[in-house]
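J.: Protein sequences appear in the order of chains Y and C.
Start counting the first sequence at 20; every next residue gets the next number (our numbering).
Start counting the second sequence at 71; every next residue gets the next number (our numbering).
Let me begin by handing over the structure; questions about it come next.
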Amino acid sequence: MRYSGIRVIKEALSGHKGWGPLWRDPEPKPHYDFVIIGGGGHGLATAYYLAREFGESRIAVLERGWIGGGNVGRNTTIIRSNYLLDGNEPFYEFSLKLWEGLEQDFNFNAMVSQRGILNLVHTDAQRDAARRRGNAMILNGSDAELLDTEGVRKLYPFLNFDNARFPIKGGLLHRRGGTVRHDAVAWGYARGADQRGVDIIQNCEATGFKIEDGKCLGVETTRGFIGAGQVGVSVAGSSSRVMALAGMRLPMESHVLQAFVSEGLKPVLPGVITYGAGHFYCSQSDKGGLVFGGDIDGYNSYAQRGNLPVIEDVAEGGISLIPALGRVRLLRAWGGIMDMSMDGSPIIDNTHIEGLSFNGGWCYGGFKATPAAGWCFAHLLKTGQPHETATAYRFDRFRRGYMIDEKGQGAQPNLH
Amino acid sequence: MIINHPLLGPRDAQEFTYLGDASLIHRPDWQGEDASGQFHDYLYLRDNPAGQHRELWFHEVGDRSWLVVTRNTLTHEISNVELARDVARREGRGK
């Protein structure tokens with residue numbers, strides 16, 4: 020069924036009896052050409068692009084719980100293409116371009132809203148760094164605009180401009196950045212993949228790989244063995260656990276990142292803003308809640324919940340930047356598990372085991388990457404070669420000394 | 071989280087900074103065969119378990135001692151805290 024305005028009117032006149040489920044609930048078949056482990060945004064996007072872009076149809080997506088129940092449902096919904104380094108920025112620009120056409124492409128309302136992202140700067144050094152990053156973005160086909168204090172004041176007059184310690188000196192505005200209805204991304208990809216014949220198999224946990232003579236022949240699951248020509252693992256947060264089943268140790272740690280929503284307010288915040296002097300970034304959802312987050316808690320965790328000190332730190336950052344938030348009440352807080360890689364950048368690569376490929380290590384930036392990560396992983400699974408925008412995302416970059424370290428922090432995952 | 075410091079008693083985890091897996095105590099021999107391969111594994115690869123995890127915490131705003139904390143990464147429950155120096159000596163580090 021294709022969604023359209025006419026369809027909505029027809030259904031309204033016939034008592035909404037024609038809407039069916041968005042995807043089937045198939046039994047697993049004994050063998051597929053492609054098996055994707057992980058029914059999150061990335062896994063579903065991978066299956067979608069394998070089917071739509073690369074013409075494959077014998078594809079299964081295995082999900083331990085329900086689709087979209089992991090990080091694609093736990094993030095702060097921001098999309099952007101404002102990276103500095105060559106290994107990253109072309110990829111994220113590719114991703115943002117896919118976001119711009121996504122809803123027409125998969126015929127689903129994902130509420131893509133390019134409301135602009137403003138990274139505030141508070142010192143001369145930060146302004147120089149913002150100018151450099153803006154130039155790198157423009158060179159890679161993205162957009163960037165350096166605002167001075169008055170430029171920021173026009174957009175966000177209520178910020179704390181005269182903070183004695185961290186005055187706002189300006190900001191780097193990325194107008195094409197914005198927010199997306201995150202659950203709809205998972206549902207839209209799932210529906211689009213299902214329509215093209217992909218089997219989405221929920222409540223099906225991968226418990227092992229069948230590997231013979233260095234070749235992966237399929238996946239052992241809680242619903243039996245499923246043979247595969249090519250297996251793709253896309254299980255952000257649980258990457259180390261799943262790849263350990265294939266005997267691999269990964270260059271990453273799992274960390275918890277918390278996020279928050281306030282009670283619903285009237286429209287106050289037109290775009291996304293990030294504080295340059297503390298861990299706080301914020302946007303306002305269409306329901307009115309302020310959606311905000313900060314830094315990871317900083318210790319290994321698989322718990323999907325964090326501790327109070329970070330909540331306090333984020334709240335302090337928020338009040339410091341927007342004093343008007345002082346009486347806003349916090350409605351919800353939650354945590355998601357991030358694959359924090361050793362250089363803060365992801366991996367989309369084949370492994371040393373034939374027929375087993377990996378997509379992960381997205382740190383806390385996986386949501387914005389969803390379309391391009393799906394596309395590039397599908398490209399890798401189909402052709403065996405990396406997509407042209409993802410050639411740097413290799414396992415062996417640590418051994419070869421080609422880290423993609425945006426922050427320059429070194430091999431310390433909790434600092435990225 | 072509260073870390074029960076072996077010398078100072080229960081302290082708030084905010085007083086500490088976190089380094090990572092306690093296997094970092096065992097630095098490879100830089101003169102050994104395949105030292106570069108071993109340093110790659112030492113520096114970049116982690117077990118990253120879901121469950122019991124031995125990890126290094128530094129009491130930065132306290133007595134500046136290094137601790138080995140055994141903590142469950144699924145529940146954040148801490149079951150054991152030792153001075154990293156004692157652990158290192160017990161596991162054969164000379165200094």
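Glycine is no exception: its CB is placed at the ideal position from the N, C-alpha and C atoms.
Out of P45/Y, L115/Y, G74/Y, Y102/Y, point me to the one whose CA is closest to E82/Y's CA.
T.: P45/Y
J.: To which residues of the same chain is G57/Y closer than 6 Å at the C-beta, ignoring the five residues directly before and after it?
T.: S253, V254
J.: Starting from W136/C, follow the beta strand (DSSP E) in both directions and report where the run begins and ends.
T.: 136-142
J.: Does the beta carbon of R116/C sit closer than 7 Å to a beta carbon anywhere in chain Y?
T.: yes
J.: Secondary structure at L32/Y, three-state DSSP: helix, strand or coil?
T.: Residue state for L32/Y is assigned as helix, using DSSP reduced to three classes.
J.: For a test of the three-state rule: what should DSSP assign to C395/Y, helix, strand or coil?
T.: Looking at C395/Y - three-state DSSP - the assignment turns out to be helix.
J.: For a contact defined as C-beta to C-beta under 8 Å, what are the partners of L269/Y on chain C?
T.: L115, R116, N118
J.: Closest Cβ-Cβ distance between Q108/C and chain Y: below 7 Å?
T.: no
J.: Which residue wins for smallest C-alpha separation from S93/C, given the options T143/C, G102/C, L115/C, N150/C?
T.: L115/C
J.: Measuring alpha carbon to alpha carbon, tell me which of F377/Y, M271/Y, T293/Y ends up nearest Q14/Y.
T.: Because chain Y here runs from 20 to 435, residue 14/Y falls outside it and cannot be looked at.
J.: For the segment 62-69 of chain Y against the segment 211-218 of chain Y, do three or more pairs of beta-carbon atoms, one drawn from each stretch, fall closer than 8 Å, so that the two count as touching?
T.: Yes: the two stretches touch, three or more of their Cβ pairs being nearer than 8 Å.
J.: Consider the Cβ of G251/Y: report whether some Cβ of chain C lies at a distance smaller than 7 Å.
T.: no
J.: At a Cβ threshold of 7 Å, is E272/Y touching chain C?
T.: yes
J.: So with CB distances below 9 Å, who are the chain C contacts of A430/Y?
T.: For A430/Y, the neighbours in chain C by C-beta distance under 9 Å run, in chain order, L113, Y114.
J.: What is the DSSP secondary structure of V238/Y, counted as helix, strand or coil?
T.: strand
J.: Quickly, what does DSSP pair N150/C with across the bridge? List them, please.
T.: T140/C
J.: So, is the C-beta of T143/C closer than 7 Å to a C-beta in chain Y?
T.: Yes, T143/C counts as interfacial toward chain Y.
J.: Within the 7 Å Cβ cut-off, does F127/Y reach chain C?
T.: no
J.: Just checking: is the beta-carbon of Q84/C within a distance shorter than 7 Å of some beta-carbon in chain Y?
T.: yes
J.: Please list the residues of the segment 308-324 of chain Y that have a C-beta atom closer than 8 Å to any C-beta atom in chain A, keeping them in chain order.
T.: Of the chains in the structure shown, none is chain A; the protein chains are Y and C.
J.: How many Å lie between G92/Y and A203/Y at the Cα?
T.: 9 Å
J.: Could you name the residues of chain C that M20/Y contacts, counting a contact when the two beta carbons are closer than 9 Å?
T.: Ordered by position in chain C, no residue passes the 9 Å Cβ test against M20/Y, which lies about 40 Å from the chain.
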